[in-house]
Every structure is written in structure tokens, then in C-alpha cells.
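Numbered per the UniProt record's numbering, the sequence shown spans residues 1 to 603. No residue lacks a Cβ here, since even glycine has one placed at the ideal position from N, Cα and C. Nothing here was measured: the structure is a model prediction, and the numbers come from that model.
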Amino acid sequence: MSTDTSLNREPNDEREAPALVFSLIAVIVGIVTGLGAVLFYYLISFFHNLFFYGRLSLTLGGESLLEPSIWGPFVILVPVIGGLGVVWLTRTFAPEARGSGVPEVIDAVYFREGLIRPVVAAAKSLASALSIGSGASVGKEGPIIQIGASLASSIARLVHLSTWQRITLIAAGAGGGIAATFNTPLGGVMFAVELMLPELSVRTFMPVVLSTATASYIGRTTLGMTPAFVIPAPEAVSAGALDFYNIAAMSVLGVACGVTAWLFIRLLSFTEVTFERLTSNQYLRHATGMLFVGLMLFGFQYTYGHYHIAGANYATISEILHGNLLAFQLLVLLFGAKLLATTLSLGSGSSGGIFSPALFLGATLGAAFGIALSLIWPTANINPMNYAVVGMASVVGGVTGAALTAIVMVFEMTRAYTIIIPLIIAVAVAIGIRRALIDETIYSIKLTRRGKHFSSERHRNLFLMRRAEEFTEEGIATLPEATTVSNAFELLGREAEVQYLLLTDEYDEVSGILSFEGLLAAEHEHHEDWPLARLGHRRFVQVGARDLLSQVVQQLTQQGVDYALVYAGAAETGLAEEVVGVLDKDHLADSVMEQFRSFSTTP
Numbered sequence: 001m002s003t004d005t006s007l008n009r010e011p012n013d014e015r016e017a018p019a020l021v022f023s024l025i026a027v028i029v030g031i032v033t034g035l036g037a038v039l040f041y042y043l044i045s046f047f048h049n050l051f052f053y054g055r056l057s058l059t060l061g062g063e064s065l066l067e068p069s070i071w072g073p074f075v076i077l078v079p080v081i082g083g084l085g086v087v088w089l090t091r092t093f094a095p096e097a098r099g100s101g102v103p104e105v106i107d108a109v110y111f112r113e114g115l116i117r118p119v120v121a122a123a124k125s126l127a128s129a130l131s132i133g134s135g136a137s138v139g140k141e142g143p144i145i146q147i148g149a150s151l152a153s154s155i156a157r158l159v160h161l162s163t164w165q166r167i168t169l170i171a172a173g174a175g176g177g178i179a180a181t182f183n184t185p186l187g188g189v190m191f192a193v194e195l196m197l198p199e200l201s202v203r204t205f206m207p208v209v210l211s212t213a214t215a216s217y218i219g220r221t222t223l224g225m226t227p228a229f230v231i232p233a234p235e236a237v238s239a240g241a242l243d244f245y246n247i248a249a250m251s252v253l254g255v256a257c258g259v260t261a262w263l264f265i266r267l268l269s270f271t272e273v274t275f276e277r278l279t280s281n282q283y284l285r286h287a288t289g290m291l292f293v294g295l296m297l298f299g300f301q302y303t304y305g306h307y308h309i310a311g312a313n314y315a316t317i318s319e320i321l322h323g324n325l326l327a328f329q330l331l332v333l334l335f336g337a338k339l340l341a342t343t344l345s346l347g348s349g350s351s352g353g354i355f356s357p358a359l360f361l362g363a364t365l366g367a368a369f370g371i372a373l374s375l376i377w378p379t380a381n382i383n384p385m386n387y388a389v390v391g392m393a394s395v396v397g398g399v400t401g402a403a404l405t406a407i408v409m410v411f412e413m414t415r416a417y418t419i420i421i422p423l424i425i426a427v428a429v430a431i432g433i434r435r436a437l438i439d440e441t442i443y444s445i446k447l448t449r450r451g452k453h454f455s456s457e458r459h460r461n462l463f464l465m466r467r468a469e470e471f472t473e474e475g476i477a478t479l480p481e482a483t484t485v486s487n488a489f490e491l492l493g494r495e496a497e498v499q500y501l502l503l504t505d506e507y508d509e510v511s512g513i514l515s516f517e518g519l520l521a522a523e524h525e526h527h528e529d530w531p532l533a534r535l536g537h538r539r540f541v542q543v544g545a546r547d548l549l550s551q552v553v554q555q556l557t558q559q560g561v562d563y564a565l566v567y568a569g570a571a572e573t574g575l576a577e578e579v580v581g582v583l584d585k586d587h588l589a590d591s592v593m594e595q596f597r598s599f600s601t602t603p
């Protein structure tokens, strides 16, 4: 499998920067990402005011429910108009700017050597600001992650950093974007560690911390230091949270959140596939989805006086956490409407994240669960706001698979420290239930549909981000498969600097591989008259010299073979003359062990 060639490869003079220089570059990434997050915030404000109120303003009241649009019932068309602009932007400049953006960043980290086009940052900023500002039910987290990652990749390419440093900077940019946007510096670090970094070590962790802290400082000095959700008297709200029955009930809520996460993942994947099958016209596809979202917006405004499900809409979550929106029937309706609106928005082609919708789903589900429990057990000290906070973290953890990120970010966004113990338990339960129902996260399922599988387990290492050509055995010779063992020695000699023989058929295509040791063993066993075809390995994989080692290992494992032919160009040709070397499992295993020996002794 060859890597995508749509991106220009790194120049041959890429180099590994010294630790101090790399740290300074990480700080620069934090500055640029922090400024990008601030600009993104104001872009959202600009488009929201323009689309809903026809005014030019950069003010957006995130903590208060939005006032009605001046367009009346024609607000139904606002998401449609914004959606058409999103389609034009993504089709014209960056198709990868559609959707959440996080799968595309993971794709770049694990399958594209950390290469992200610079135009993605600009296209994603505009497309996502259009989507959120015009009322699409999407969040800010996915866009700012992709924006930060694109900026970081561009800086790394500008100074010709090595592949592992470029990938580390992408994680640093993503974490910095999260920290600056949500005012969650620890959450930004946790996100980078759990979902972005293929390797966790001092050399990768420190740049992430530096970038995230820098971006967070810029975000706080520009956008303010208050948490995303200001809970009045958090000690009073959290009263009784550590009672045994509350912890047990929140564990049950974790089960419900795990099922919700499964439903969210499945429904979003189904919606994406369904829209793709309905029509190939992206404008019609997205306009259809956003028309339904517009109808829901108008319906909520007409019935309840507020849009509720529009954009990231932290205001509705704040109303729940303040105890101002605790009607059971409305919470259930908001839960179902948000789930439908988000899957319609993203499934039809919006540009935006899933973090904010997941928070919304968790808050409405948790509050409704707490209200139902208080009705069943009126004498118990049950506070629905506690359950809303726990639900927020549990749904986020369930859909993303990032437990620490969910716990830390929701804590930083609410500062509700006293419910941290039941929150941790509920998140663990939610992730366990979701994994029992579906192994994929909301990010990985999109890559799986493309045939790209990756593991987020910590045993993955930046070693696997290197290229196949770095491990290729180049001592090869080509012989026809009909050549006998004795004739092979006559042609090559016994002291030849040949490690592998490529056996070719009548079309000069490689039909087998034979190690020189295997040739010597055949002679020792007196098989001089055997043709090489009888000795060679017929099963092997074909890879490109620029393919990542992780892709090569995946192919070797999936097909159960020991050898990979490394081609200078496209691996599909099969011609012996284009083979530059052989990569075998034993040599690769030795290289891995050597890598870990040196890694373990690195200070």
C-alpha cells in the first residue's frame, strides 16, 4: 500500500532539531495556535451575527440564550445558505475540511507522515465558522484541532523538521487549540496524549506541554479566564454527590451514557453513508440536511422561545447547570433533537466537531436521569445538576474513547471538583459499555470505512512512523525462477554480497524470494539440481519505499507473511527492476528491539 501522493513530500534535507530549538518551535506553535483559536472565535461570532441578525458584530453571548432572528420563519433557510457556502469552500479548497476534522488529523499522524496542507487551516476556519454561525448543530473542538494541527505541520515543514518531530508538533498544535478554545490547558494536554501522540515520552510530552500552556495563556488573556460553564455555588450543587446511592445511580447513568455513545456513533456513520448514497451532488445533499435542521431551529424558537440546538450552544447547557431548565419532557426532547440535528449536520457535510454536541447530549440525558430518579426516590438527596455534569463527561468519554480527556476537560469547564469520584466511575462504565457494543470510536469509525485501521494503545511508538526505505536490505540479485541451485552459485559465487534473491517469471515479474542463507542450506542438503522456484517464498507483500513502517507491519501481520518487497515507485507494478530491496520480519524485529534498548537508556 502506497501512501497518498497528493501532498508534496518533505525535502531530503529534513533534520532533527536539538531539544532546545525544538522547545522554542513548540512555543511558536502555541502562539500561532492560540491566535488561530482567537480568530476562529471571532469568525464564528461574525457569521452568527450576520446570518441571524443581519449585522456586522464580533460579539457573541455564549452564556445566554440567543435572541430570535430578525428573519422570522425564514430562519429555516439560514442553515441552508450557510451550508451552501461550506460546500463551496470544501469542494474548492480542501475536501478534508468537511466533518469533524479529528479523523483527518489522525490520518495525517498515522498514515501521512504528519503532512497536512497549509490551506486546510484557512479553509477549516472559514467552513466551520460558517457552519456553526449559521446554526448547524456542530462543535468547535474538531475544527480547532485540525486548524492547530495544520498550522503546526506547516511550521514543521517550513523548518524541515524530522518526521517524528513534525508529528509531535501536530499533537502540540491540536492540544494548544483545545486549551485556548475551551480554557482547558490540562484537557488540551490530555487530548494530545490520548488521541494524537503515537509515543509518550519526555521528548514528545514536553513540546505538547509548552505549546498547550502558551496557547492557553493567549486564549485566557484574549477571551477571558472564566470557565466555560459557571456553576452557581458549586459546593451546594454537588452536595450529596458522594453518598453511596448517588455513586451507584451515577454508575447506572454511565451505562445509559455508554449506550448513547454507541447510538451516536452508529447513527452518525449511518447518516454519512446514507447521504453519500442518496446523491453525489454535495450541494443538494447538504442543503437537504440543513433544511431539516432549519425546521427544527424554527420549531424550538416558535414553541419554546429559544433555538437551543443551534451551533455549539453552551447557553442551553448553562441553563441546565444553573437549574433553570429542568423540565423532564423538554430535556428528553432536546436530547433527541440534538442527536438528530448533529447527525444530519455532520452526515450531510457540515464542518464542525462532536465534542460540544456530546456535552449537550450528556447534560440533557444526565439531568433527565436525575429528575426521574428524584421522582422515584423523593427522600434522597438527588441533584439533577450533578447528574448533568457526570453525563457530560460520560458521553464525551464514550464517543471519543478518551477517558482522561473527558474527565479533566469537564472538570476544568465546570470546576465541579466534589463530584470527581462518581464522574470517574461513570466515565469508565460508559467507555466499557460502548466498547462492549462497538469497538470503534466516533473518530476511528470514519477511518475504518476508508480501510485505515490504527491502534491508540500506548505500545505504538514513533519508531513506526519511519519509512520502509530506512529498514530495507539492499543486497539483492535477480535470477529466473527456473535457475538451479548449482547454476545460481556459478552466477553469483559463494562469497557474494547478496542477501536475497528475487525470482522472476517469464514476464520479469517477481514470483518469489529466497534468502542467500536458504540457497546455502539447499546446497548443504545436496539439492544442487533443484530449481530456485522450489525453494523460494511465494507469499510476500509489495510496498513503496516511502510507505510508513506502521503500514508495512500491518500488511505483514494481516497477510501472515515474512517478506515485503520494497519498490522505488508504485508497488503495484510487480517488476523486478523497480525493487530496491527486501524487508523481512526477523530484521524488522531486531530493529525494533534495538530501538527499545536505545529508547530505554535515553535520559
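Output the boundary residues of the beta strand (DSSP E) element that contains Tyr500. Position 500 of the sequence shown holds residue 500. 500 to 504 is the span of the beta strand (DSSP E), which, as asked, contains Tyr500.
Figure out for me which residue from Arg117, Gly175, Val209, Trp164 has the closest Cα to the Cα of Leu24. Counting from one through the sequence shown, the residue named residue 24 turns up at place 24. Closest option to Leu24, Cα to Cα, is Val209.
Taking 8 Å as the limit between beta carbons, can you name the residues of its chain near Val498, skipping five residues before and five after? In the sequence shown, the residue the question calls residue 498 occupies position 498. So the list reads Gly475, Ile476, Ala477, Leu492, Phe516, once near-sequence residues are dropped.
State yes or no: is the C-beta of Leu583 within less than 8 Å of the C-beta of Phe489? For the purposes of this step, residue 583 is taken as residue 583 along the sequence shown, with counting starting at 1. For the purposes of this step, residue 489 is taken as residue 489 along the sequence shown, with counting starting at 1. Not in contact: Leu583 and Phe489 (Cβ atoms no closer than 8 Å).
With a Cβ-Cβ cutoff of 8 Å, do Met196 and Ile155 count as a contact? Counting from 1 along the sequence shown, the entry for residue 196 is found at position 196. Counting from 1 along the sequence shown, the entry for residue 155 is found at position 155. Their beta carbons are not under 8 Å apart, which means Met196 does not touch Ile155 by this criterion.
Close-in-space but distant-in-sequence residues of the same chain around Thr601 (CB under 8 Å, 5 per side omitted): The residue labelled residue 601 in the question sits at position 601 within the sequence shown. For Thr601, the pLDDT reaches just 43, beneath the cut-off of 50, and the residue's location in the model is therefore unreliable, although a value from the coordinates is still provided. Nothing meets the Cβ criterion.
Do the stretch 297 to 305 and the stretch 85 to 97 meet, that is, are 3 or more Cβ pairs less than 8 Å apart? no
Return the Cβ separation of Gly187 and Ala180 in integer angstroms, given the expectation that the two are a contact with Cβ distance under 8 Å. To locate residue 187, count along the sequence shown from 1; it is residue 187. To locate residue 180, count along the sequence shown from 1; it is residue 180. Actually they are not in contact, since the Cβ atoms of Gly187 and Ala180 sit about 11 Å apart, beyond 8 Å.
So what does DSSP say about Pro207, is it helix, strand or coil? Within the sequence shown, the letter at position 207 stands for residue 207. Correct three-state label for Pro207: helix.
Using only the alpha-carbon positions, how far apart do Ile116 and Gln165 sit? For this step, residue 116 is matched to residue 116 along the sequence shown. For this step, residue 165 is matched to residue 165 along the sequence shown. Roughly 14 Å separates the two Cα atoms.
Hey, quick one: how far does the alpha helix (DSSP H) through Leu330 stretch, first residue to last? By 1-based counting over the sequence shown, the position of residue 330 is 330. Start and end: 328 to 348.
What does DSSP give as the partner residue(s) for Tyr567 in the beta ladder? On the sequence shown, residue 567 is found 567 positions in, with the first residue counted as 1. Per DSSP, Gly544, Val579.
Tell me, please, whether the stretch 520 to 539 touches the stretch 555 to 571 by the rule of three or more beta-carbon pairs shorter than 8 Å. yes
How is the alpha helix (DSSP H) around Ile44 delimited, first residue to last? Indexing the sequence shown from 1 puts residue 44 at position 44. 19 to 53 is the span of the alpha helix (DSSP H), which, as asked, contains Ile44.
Determine, using beta-carbon pairs with one atom in the stretch 396 to 408 and one in the stretch 425 to 433, whether at least three such pairs fall under 8 Å. yes
Residue from Phe182, Thr483, Val580 with nearest C-alpha to Thr414: Within the sequence shown, residue 414 is the residue found at index 414, counting from 1. Comparing Cα-Cα distances from Thr414 to each of Phe182, Thr483, Val580, the minimum goes to Phe182.
Between which two residues does the beta strand (DSSP E) holding Val510 run? For the purposes of this step, residue 510 is taken as the residue at position 510 of the sequence shown. Taken as a continuous stretch (DSSP letters only), the beta strand (DSSP E) holding Val510 covers 510 to 515.
Skipping 5 residues on each side, what residues in its chain have a beta carbon closer than 7 Å to that of Gly581? Taking the sequence shown and counting its residues from 1, one reaches residue 581 at position 581. Within the same chain, Gly581 has close Cβ partners Thr472, Glu473, Glu474, Ile476, Val566.
Could you name the residues of the same chain whose beta carbon sits closer than 8 Å to that of Ala576, not counting the 5 residues immediately before and after it, in chain order? Within the sequence shown, residue 576 is the residue found at index 576, counting from 1. So the list reads Thr478, Leu502, Thr504, Asp508, Glu509, Val510, once near-sequence residues are dropped.
What is the rounded straight-line gap between the Cα of Glu16 and the Cα of His587? Position 16 of the sequence shown, counted from the start, is the residue given in the question as residue 16. Position 587 of the sequence shown, counted from the start, is the residue given in the question as residue 587. Taking the straight line joining both Cα atoms gives about 25 Å.
Note the first and the last residue of the continuous alpha helix (DSSP H) segment covering Pro384. Here residue 384 refers to the residue found at position 384 of the sequence shown. Here the alpha helix (DSSP H) through Pro384 covers 384 to 400.
Grab the span of the alpha helix (DSSP H) containing Ile167 for me, first residue to last. Stepping through the sequence shown from its first residue, residue 167 is reached at position 167. Per DSSP, Ile167 belongs to the alpha helix (DSSP H) from 163 to 182.
Can you give me the Cβ contacts of Ile425 inside the same chain, cut-off strictly under 6 Å, excluding the 5 residues immediately before and after it? Residue numbering aside, residue 425 sits at position 425 when the sequence shown is read from its first letter. Ser251, listed in sequence order.
Considering Ile147, what are the terminal residues of the alpha helix (DSSP H) in which it resides? Here residue 147 refers to the residue found at position 147 when the sequence shown is read from its first residue. Run containing Ile147: 141 to 158, per the alpha helix (DSSP H) assignment.
Given this structure, state the Cα-to-Cα distance separating Ser45 from Leu66, to the nearest angstrom. Residue 45 sits at position 45 when you count from the first residue of the sequence shown. Residue 66 sits at position 66 when you count from the first residue of the sequence shown. Ser45 and Leu66: Cα-Cα distance of roughly 12 Å.
Taking the continuous alpha helix (DSSP H) assigned at residue 604, which residues delimit it? Coverage of the chain is limited to positions 1 through 603, which leaves residue 604 absent and any answer about it impossible.
Leaving out the 5 sequence neighbours to the left and right, which residues in its chain are closer than 6 Å to Thr90 when beta-carbon positions are compared? Taking the first residue of the sequence shown as position 1, residue 90 is located at position 90. Counting only Cβ-Cβ distances below 6 Å, and skipping sequence neighbours, we find Ala97, Arg98, Ala127.
Which residues bound the beta strand (DSSP E) around Pro480? As a working note, residue 480 is residue 480 in the sequence shown. That run of the beta strand (DSSP E) goes 476 to 480.
Please confirm whether Ala172 and Ala152 have their CB atoms less than 8 Å apart. On the sequence shown, position 172 is the one that residue 172 refers to. On the sequence shown, position 152 is the one that residue 152 refers to. Yes, the pair counts as a contact, with Cβ atoms nearer than the cut-off.
Specify, as a first and last residue, the run of the alpha helix (DSSP H) that His453 falls within. Taking the sequence shown and counting its residues from 1, one reaches residue 453 at position 453. Counting along the chain, His453 falls outside any alpha helix (DSSP H), and DSSP gives it neither H nor E.
Nearest residue (CA-CA) to Val75, options Ala406, Leu297, Leu437: The count along the sequence shown starts at 1 and reaches residue 75 at position 75. Of Ala406, Leu297, Leu437, the residue nearest in Cα terms is Leu297.
Got a sec? Which residues, its chain only, sit under 7 Å from Lys585 by beta carbon, not counting five neighbours each side? The residue labelled residue 585 in the question sits at position 585 within the sequence shown. The residues are Leu556, Asp562.
Can you have a look at Pro422 and say buried or exposed, based on whether 16 or more other CB atoms are within 10 angstroms of its CB? In the sequence shown, the residue the question calls residue 422 occupies position 422. Buried.
Grouping DSSP H, G and I as helix and E and B as strand, with all else coil, what is Asp584? The residue you call residue 584 lines up with position 584 of the sequence shown. Strand at Asp584.
Can you grab the Cα-Cα spacing for the pair Leu84 / Glu272, in whole Å? For the purposes of this step, residue 84 is identified with residue 84 of the sequence shown, where counting begins at 1. For the purposes of this step, residue 272 is identified with residue 272 of the sequence shown, where counting begins at 1. Cα to Cα, Leu84 sits roughly 17 Å from Glu272.
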